[in-house]
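Below: the structure, in structure tokens.
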Amino acid sequence: MIIAIDGPAGSGKSTIAKLIAKDIGLVYLDTGAMYRLVTLKALNEGILGNGKLSDLGKIKKLLDNLNIDIKENGFYLDDVDVSEEIRKPIISENVSDIAAIREVREKMVDLQRKFSKSKNVILDGRDIGTVVFPNADLKIFLVADAKERAKRRYKELVEKGENVEIEEIYDNILKRDKIDSTRRESPLKKAKDAVEVDTTFKSIKEVKNEILKMINVNI
Ligand code: CDP
């Protein structure tokens with residue numbers, strides 16, 4: 001069984017997907033984390049300067065030598081747990097530029113399909129229902145007002161001890177939405193057969209229950 005959850009930055013995808021996975025025993029795959037791992041690697045290697053890509057050849061080489069691992073307890077880059085690091089604002093600042101590169105997407109999509117093979121999986125991202133699994137059993141498109149999304153992300157980061165401004169987060173969310181939805185490769189968009197759920201005025205529990213009902217009806 002494949003359940004696809006897509007939507008813009010901070011719409012609640014990972015929170016909801018994690019809860020549903022736990023509730024009904026699915027494996028959860030956070031595909032955004034994979035693009036974040038590639039971004040961290042690119043930053044570590046100095047391939048990204050001022051947020052702009054300096055050299056596609058270097059990115060290809062990086063992909064050829066990429067050593068990432070998705071384990072139950074965290075995300076690993078070169079055998080180091082970088083789960084915390086990939087959520088930092090510097091990564092959010094650069095990830096959409098990296099995720100727009102065709103070669104990066106091809107590699108990540110391939111890994112996502114391999115990871116999901118013969119498993120019951122819930123995946124969240126931007127292109128799961130449109131590109132990665134166009135035949136998913138259920139497709140959800142989560143949306144929420146951008147101000148509300150910024151508030152949620154701000155709270156999350158402050159709780160982790162990050163020193164951030166809500167305006168910066170709001171700007172980053174708008175910027176990423178724009179890059180993600182206007183890029184040429186697999187842009188963020190609702191699949192024709194996806195169910196849209198607006199989470200702006202709903203609690204996590206409400207959204208979770210709404211989706212669980214759809215799973216029971218559809219699958
Ligand atoms: O959690 P948040 O909404 O901040 O974003 P994320 O899911 O961690 O994704 C980070 C970035 O990765 C997005 O802004 C996209 O640029 C990219 N992404 C993508 O292109 N395709 C996916 N399937 C997942 C993420």
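Each residue of the sequence shown is one higher than the one before, counting from 1 in UniProt numbering. Heads up, the beta-carbon is just placed ideally off N, CA and C, and yes, glycines get one too.
CA nearest to the CA of residue i, picked from the options
i: G113; options: V197, P134 and S96; result: A quick correction: the sequence has Arg, not Gly, at residue 113. Of the candidates V197, P134 and S96, the one whose C-alpha sits nearest the C-alpha of R113 is P134.
i: T39; options: G12, Y76 and K117; result: Y76
i: K160; options: K88, E206 and G46; result: K88
i: residue 220; options: Y170, R126, L138 and L26; result: With the chain covering 1 to 219 only, the question about residue 220 has no answer from this structure.
i: V197; options: I128, V217, S83 and V207; result: V207
i: E168; options: G32, K119, I90 and E45; result: I90
i: D193; options: V158, L157 and V131; result: V131
i: E45; options: K117, N120 and L66; result: L66
i: M1; options: V158, K117 and S181; result: K117
i: G83; options: I128, G32 and A191; result: The question names Gly, but residue 83 is Ser in the sequence shown. That would be G32, whose Cα lies nearest to the Cα of S83.
i: A136; options: N73, I179 and A191; result: A191
i: D180; options: D79, R126 and I140; result: R126
i: K119; options: I5, D6 and L26; result: L26
i: D6; options: G129, N73 and L111; result: G129
i: D78; options: F115, D110 and L37; result: L37
Neighbourhood of residue i by C-beta distance below 6 Å, restricted to the same chain and skipping five residues each side
i: T200; result: A144, D145 and E148
i: L48; result: A42 and N94
i: N172; result: S92
i: Y28; result: A17, K18, A21 and I122
i: P8; result: D177
i: K71; result: none
i: L157; result: V164
i: D69; result: Y76
i: E162; result: none
Beta-bridge partners of residue i, as assigned by DSSP
i: A4; result: L123 and K139
i: D81; result: Y76
Start-to-end residues for the beta strand (DSSP E) that takes in residue i
i: F75; result: G74 to L77
i: V197; result: V195 to D198
Nonlocal neighbours in the same chain, by C-beta distance under 8 Å from residue i, ignoring five residues either side
i: Y35; result: V95, I98, A99, V104 and M108
i: I101; result: L53, L56, I59 and E185
i: I215; result: I3, I20, I24 and L138
i: K202; result: E210
i: I204; result: G12, T15, I16 and L19
i: V80; result: none
Close Cβ partners of residue i (< 7 Å) along its chain, the five nearest in sequence each way excluded
i: D30; result: S14 and D124
i: S11; result: L142, V143, A144, R149 and T199
i: G51; result: Because the pLDDT of G51 is 47, which lies under 50, any placement of that residue in the model is unreliable, and the question is left without a value.
i: L63; result: E103, V104 and K107
i: Y154; result: V164, I166 and I169
i: K213; result: none
i: V217; result: none
i: I86; result: A33, R36, L37, L40 and F75
Extent of the continuous alpha helix (DSSP H) to which residue i belongs
i: K151; result: A146 to E159
i: T15; result: K13 to I24
i: K175; result: I166 to T182
i: P187; result: Taken as a continuous stretch (DSSP letters only), P187 belongs to no alpha helix (DSSP H), as it is neither H nor E.
i: V131; result: From DSSP, V131 is part of no alpha helix (DSSP H); its letter is neither H nor E.
i: R113; result: R102 to S116
Exercise. Taking only runs of the alpha helix (DSSP H) that begin and end inside the stretch 28–71, which ones reach a length of at least 4 residues, in chain order?
Worked result: Complete alpha helix (DSSP H) runs here, min 4: 31–44 and 56–64.
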